[in-house]
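Engineer: These protein sequence lines are chains A and B, in that order. Residue numbering for the first sequence follows our numbering, beginning at 6 and increasing consecutively. Residue numbering for the second sequence follows our numbering, beginning at 13 and increasing consecutively.
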Amino acid sequence: MTTATLAPARAEEGRIGLPGHLRHVGALTRRNLMRIKADPESMFDAVLMPVIFTVLFVYVFGGAISGGQDAYKQYMIPGLLGQTGITLAMAVGTGLNSDFQTGVMDRFRTLPIGRSSVLLSKIAAETCRALLSFTILIVFALILGFELKGGFLELLAAVGLSLLFGMSIVWISMLLGMALRSAQAVQGVAMLVLMPMQFGSSIFAPTDTMPGWLQAFTKVNPLSALADACRALMNGQGAVAHPVLIVLAWSIGITAVFAPLAVARFRKRT
Amino acid sequence: MTRISTAPNDRGPAAGNAVEVRGIVKHFGSTKALDGVDLTVREGTVLGVLGPNGAGKTTLVRVLSTLIKPDAGTAFVGGYDVLRQPKQLRRTIGLTGQYASVDELLSGYENLYLIGRLLDLSSKEAKARATELLERFSLTEAAKRVAKTYSGGMRRRLDLAASMIGRPRVLYLDEPTTGLDPRTRNEVWDEVQRMVADGATVLLTTQYMEEAEQLANELTVIDRGRVIAAGGIADLKAQVGGRTLQVRPGHPAELPEMARCLHDTGIATATFSADTGLLSVPLTSEDQLTAVIGVLGTRGFGIADIDTKLPSLDEVFLAITGKPSDRPAAEDAAPSLAKEPVA
Chain A
6 MTTATLAPAR AEEGRIGLPG HLRHVGALTR RNLMRIKADP ESMFDAVLMP
56 VIFTVLFVYV FGGAISGGQD AYKQYMIPGL LGQTGITLAM AVGTGLNSDF
106 QTGVMDRFRT LPIGRSSVLL SKIAAETCRA LLSFTILIVF ALILGFELKG
156 GFLELLAAVG LSLLFGMSIV WISMLLGMAL RSAQAVQGVA MLVLMPMQFG
206 SSIFAPTDTM PGWLQAFTKV NPLSALADAC RALMNGQGAV AHPVLIVLAW
256 SIGITAVFAP LAVARFRKRT
Chain B
13 MTRISTAPND RGPAAGNAVE VRGIVKHFGS TKALDGVDLT VREGTVLGVL
63 GPNGAGKTTL VRVLSTLIKP DAGTAFVGGY DVLRQPKQLR RTIGLTGQYA
113 SVDELLSGYE NLYLIGRLLD LSSKEAKARA TELLERFSLT EAAKRVAKTY
163 SGGMRRRLDL AASMIGRPRV LYLDEPTTGL DPRTRNEVWD EVQRMVADGA
213 TVLLTTQYME EAEQLANELT VIDRGRVIAA GGIADLKAQV GGRTLQVRPG
263 HPAELPEMAR CLHDTGIATA TFSADTGLLS VPLTSEDQLT AVIGVLGTRG
313 FGIADIDTKL PSLDEVFLAI TGKPSDRPAA EDAAPSLAKE PVA
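What follows is the structure, given as structure tokens:
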């Protein structure tokens, strides 16, 4: 009698259990990574953006901003590290949106898996992409002559902090992904939000030449704190604690506000 | 309030019913997509749910797949309650629809492997099952290609394969051939018939009487979220009229004489149209078809072509309700006509 069914004991209970969840997240992460293989262009942002941004800013604006390219490299590249996690976090929303639109999500929802598995696997795959992006950025920076004055541990701390902040942005990205109609709209809105956040921060230029109202914005902009923290860590400067704490506070705050909203909306739609 | 709604749940589904739907209601805003639907699918049979666009067919399938929750009523699939035991229920069903789709950026193989893993097959089992189903649905050669590159028929076959990974006891096929050309449609029908031969219980929604007749044992006709007719295919055909034999004579001038001949012998009542050059004979049995052709042949009438035709969905609705089926279109037309004199 039990030979015909696949998992009779579990089927009767309807419970999934931790090993089951892990297996589902693993299978779905694999799926997300396989999608990249079929659509390599989707890696352009992760692979090329760090390169293009570095070249563009170091050689076009570097001299003007810092009076020298070498000084500017040390200034801007750590900030770029912080920005990378956020850009990639925004891709979670686009991916989620297209899963809903194409009906793949409906297929998943008719399977006996936890709904959180779909989300966690998206985050896992984006983390892989972000790690690749960080690696490319750092290797390219070293080739251009970036000097890692802080140690290796400090570098890892900067990457970890960028990832952590990126993870908190994932929730906002998810909300956008579920609220907006198309993947293009998600991308468009994400750009609109990101552009002023990126440039209205200390990532690309010191803020002291900016007008007062803009300085007020850059001071509260968490990307400034993130850039300052990464810069202090990678350049081996002492004053690390303050910006790191601000970034941690923002990450926790954003997560506390947006994670329940995103999860509630996700549960409602699934 | 919960007490009232759960009370009837305590009476479980009757033995032998793979699907049992009782008084399901679903509103979307002010629209009643389902307005108290009752139906049953006996184990090992195929129920055809026939209805026009917007009748509530897809909403019904979505309720029975736990994709949406009904506002009222109960439904059991494989003995599991859609509201109380969604996880168990999901293990017993397979779904092929226009919406629950495969991943276009994965290969056919990867799609099937993924679903196998999500259904808790071991990696080895999932591989074996994917390979087996690709073979069965003639997709082995395309196994490594991404689904985006598949033709319409291949996509549908992959969809069917995906819904069968977990050897579901109950399969939902939501308009499985809508938008397919006749050849691919026949391929899908062949596959469905094989699944049924293997013992699957199928709930099939369709807009085509022909599809229902090909595949279903029983038929439920729904319109605007309500069941307006239900029964065996034969019963329903008796109600709405079965096939019509259409004869194209070798000499159109003989049409009246042919009709008179059939009438005189008492075999059938035929009508003819000089415009189309066709003699139409409503049939109630296959014997009658043989008799009609036999009589026309022995009387020496030349026959250029014969064909039999099932009533269209419109004709079915006309017969059951006395009204045509596409009322939403008529409603759309009415206000715009009313506006014209004002402008």
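Just so you know, even glycine gets a beta-carbon here, dropped at the ideal spot from N, CA and C.
When DSSP labels each residue in this structure, what does B:F88 get in the three-state scheme?
Structural biologist: By 1-based counting over the second sequence, the position of residue 88 of chain B is 76. Reduced to three states, the DSSP call for B:F88 is strand.
Engineer: Please look up how many angstroms separate the CB atoms of A:G90 and A:L168, rounded, as I've assumed it's under 8 angstroms.
Structural biologist: By one-based count along the first sequence, residue 90 of chain A stands at place 85. By one-based count along the first sequence, residue 168 of chain A stands at place 163. Sure, about 5 angstroms apart at Cβ, within 8 angstroms.
Engineer: Mind checking if A:L116 is an interface residue toward chain B, Cβ cutoff 8 angstroms exclusive?
Structural biologist: Within the first sequence, the letter at position 111 stands for residue 116 of chain A. By this cut-off, A:L116 is an interface position.
Engineer: For the alpha helix (DSSP H) containing B:I80, list its first residue and its last residue.
Structural biologist: Along the second sequence, one-based indexing puts residue 80 of chain B at 68. From DSSP, B:I80 is part of no alpha helix (DSSP H); its letter is neither H nor E.
Engineer: Look at the alpha carbon of A:V245 and the alpha carbon of A:C235, and state the distance between them as a whole number of angstroms.
Structural biologist: For the purposes of this step, residue 245 of chain A is identified with residue 240 of the first sequence, where counting begins at 1. For the purposes of this step, residue 235 of chain A is identified with residue 230 of the first sequence, where counting begins at 1. About 8 angstroms.
Engineer: Smallest Cα separation from B:L76: which of B:A67, B:D83, B:V89?
Structural biologist: For this step, residue 76 of chain B is matched to residue 64 along the second sequence. For the residues B:A67, B:D83, B:V89, the minimum Cα distance to B:L76 belongs to B:V89.
Engineer: Look up B:A30 in the DSSP assignment and say whether it is helix, strand or coil.
Structural biologist: Counting from 1 along the second sequence, the entry for residue 30 of chain B is found at position 18. B:A30 falls in the strand class under three-state DSSP.
Engineer: To the nearest angstrom, how far is the alpha carbon of B:K247 from that of B:V61?
Structural biologist: Working through the second sequence from its first residue, we reach residue 247 of chain B at position 235. Working through the second sequence from its first residue, we reach residue 61 of chain B at position 49. What sits at residue 247 of chain B in the sequence shown is Asp, not Lys. Answer to the nearest angstrom: the Cα atoms are 15 angstroms apart.
Engineer: Would you list, in chain order, the members of the stretch 127-153 of chain B that have their beta-carbon closer than 8 angstroms to a beta-carbon of chain A?
Structural biologist: I127, R129, L130, L131, D132, L133
Engineer: Could you have a look at B:I234 and say whether DSSP puts it in helix, strand or coil?
Structural biologist: The residue you call residue 234 of chain B lines up with position 222 of the second sequence. Correct three-state label for B:I234: strand.
Engineer: Go ahead and pull the three-state DSSP assignment for B:T283.
Structural biologist: Reading the second sequence from its first residue, position 271 is the one you call residue 283 of chain B. In the structure shown, the three-state DSSP call for B:T283 is strand.
Engineer: What are the boundary residues of the alpha helix (DSSP H) that includes B:K99?
Structural biologist: Position 87 of the second sequence holds residue 99 of chain B. First-last of the alpha helix (DSSP H) with B:K99: 98-104.
Engineer: Let's test the definition: count the other Cβ atoms within 10 Å of the Cβ of A:M81 and tell me whether it reaches 16, buried, or not, exposed.
Structural biologist: Locating residue 81 of chain A in the first sequence gives position 76, where the first residue counts as 1. Result: buried.
Engineer: Answer yes or no: do A:L142 and A:L231 have a C-beta to C-beta separation smaller than 8 angstroms?
Structural biologist: By 1-based counting over the first sequence, the position of residue 142 of chain A is 137. By 1-based counting over the first sequence, the position of residue 231 of chain A is 226. No, Cβ-Cβ distance for A:L142 and A:L231 is not below 8 angstroms.
Engineer: What three-state label does DSSP hand A:P216 in the structure shown?
Structural biologist: If you number the first sequence from 1, residue 216 of chain A lands on position 211. In the structure shown, A:P216 sits in coil (DSSP, three-state: anything other than H, G, I, E or B).
Engineer: In or out: A:T260 buried (at least 16 other Cβ within 10 Å) or exposed?
Structural biologist: The residue you call residue 260 of chain A lines up with position 255 of the first sequence. Per the 10 Å Cβ criterion, buried.
Engineer: Using the Cα positions of A:N240 and A:R35, report the straight-line distance between them to the nearest angstrom.
Structural biologist: On the first sequence, residue 240 of chain A is found 235 positions in, with the first residue counted as 1. On the first sequence, residue 35 of chain A is found 30 positions in, with the first residue counted as 1. Spanning the two alpha carbons is a distance of roughly 37 angstroms.
Engineer: Are there 16 or more other CB atoms within 10 angstroms of the CB of A:H247, so buried, or fewer, so exposed?
Structural biologist: Numbered from its first residue, the first sequence carries residue 247 of chain A at position 242. Under this definition A:H247 is an exposed residue.
Engineer: Look up B:K321 in the DSSP assignment and say whether it is helix, strand or coil.
Structural biologist: Within the second sequence, residue 321 of chain B is the residue found at index 309, counting from 1. The three-state reading of DSSP puts B:K321 in strand, counting E and B together.
Engineer: Which one of B:A331, B:Q97, B:G254, B:R238 has the shortest CA to CA distance from B:I245?
Structural biologist: On the second sequence, residue 245 of chain B is found 233 positions in, with the first residue counted as 1. Of the listed residues, the one whose Cα sits closest to B:I245 is B:G254.
Engineer: Determine the contact status of A:R40 and B:L72, defining contact as a CB-CB distance below 8 angstroms.
Structural biologist: If you number the first sequence from 1, residue 40 of chain A lands on position 35. If you number the second sequence from 1, residue 72 of chain B lands on position 60. Contact: no.
Engineer: Please return the same chain residues whose Cβ sits closer than 7 angstroms to the Cβ of A:D104, not counting the five positions on each side in sequence.
Structural biologist: On the first sequence, position 99 is the one that residue 104 of chain A refers to. Closer than 7 angstroms at the Cβ level, and outside the excluded window around A:D104, lie M110.
Engineer: Roughly how many whole angstroms lie between the Cα atoms of B:I127 and B:L151?
Structural biologist: Counted from its first residue, the second sequence places residue 127 of chain B at position 115. Counted from its first residue, the second sequence places residue 151 of chain B at position 139. B:I127 and B:L151: Cα-Cα distance of roughly 17 angstroms.
Engineer: Measure from the C-beta of A:R28 to each C-beta in chain B and report whether the shortest distance is under 8 angstroms.
Structural biologist: Walking along the first sequence from the start, residue 28 of chain A turns up at place 23. Chain B contact via Cβ: present.
Engineer: Any idea if A:N37 is buried or exposed, counting beta-carbon neighbours within 10 angstroms, 16 or more meaning buried?
Structural biologist: Taking the first residue of the first sequence as position 1, residue 37 of chain A is located at position 32. Buried.
Engineer: Is there a Cβ of chain A sitting closer than 8 angstroms to that of B:K99, yes or no?
Structural biologist: Looking up residue 99 of chain B in the second sequence gives position 87. So yes, B:K99 belongs to the interface.
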